[in-house]
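Sequential numbering of the sequence shown, starting at 198, is according to the working numbering. Here is the structure we will look at, set down as structure tokens.
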Amino acid sequence: MNDDKFALPIHWNDYEDIAMSLYEKFGDDFGESKIYRIRFTDLLEWVLSLPNFAGTREESNEGHLEQIQSAWVYEWRDNQ
């Protein structure tokens, strides 16, 4: 993961950056079918815990989480 103190902050609409960070964190532990079965409550906590993530829980919504799931699946596919 990018622990660079000079890295730009990540926000809720940075779906691809979030997806890349989640893939780096979990690798192939989550395939396409598992990613789509992740509860939004769990996904929300994982996103909030990412380094350089600057968004807040209150800014989150279902649309953001759906976009993150889709981007994560594409990231996973790209690395297969």
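Glycine residues also receive a C-beta, built at the ideal position from the N, C-alpha and C atoms.
Local Cβ density within 10 Å of residue i, reported as buried at 16 or more and exposed below that
i      : result
Gln266 : buried
Gln277 : exposed
Asp214 : buried
Reference residue i, options the options, closest by Cα
i      : options                        : result
Asn258 : Phe203, His208, Ala204         : His208
Gly260 : Asn249, Tyr212, Thr253, Glu242 : Tyr212
Ala268 : Glu242, Ala216, Phe203         : Ala216
Cβ neighbours of residue i in the same chain (closer than 8 angstroms, five flanking residues each side left out)
i      : result
Trp273 : Tyr220, Asp225, Phe227, Gly228, Glu229, Ile232
Range of the contiguous alpha helix (DSSP H) that encloses residue i
i      : result
Ile207 : It is not in any alpha helix (DSSP H) - Ile207 carries neither H nor E in the DSSP assignment.
Glu242 : 237-245
Arg274 : 259-275
Ala251 : Run containing Ala251: none; DSSP gives neither H nor E here.
Residues of its chain near residue i, where Cβ-Cβ distance is below 6 angstroms and the 5 sequence neighbours each way are ignored
i      : result
Leu262 : Phe237, Leu240
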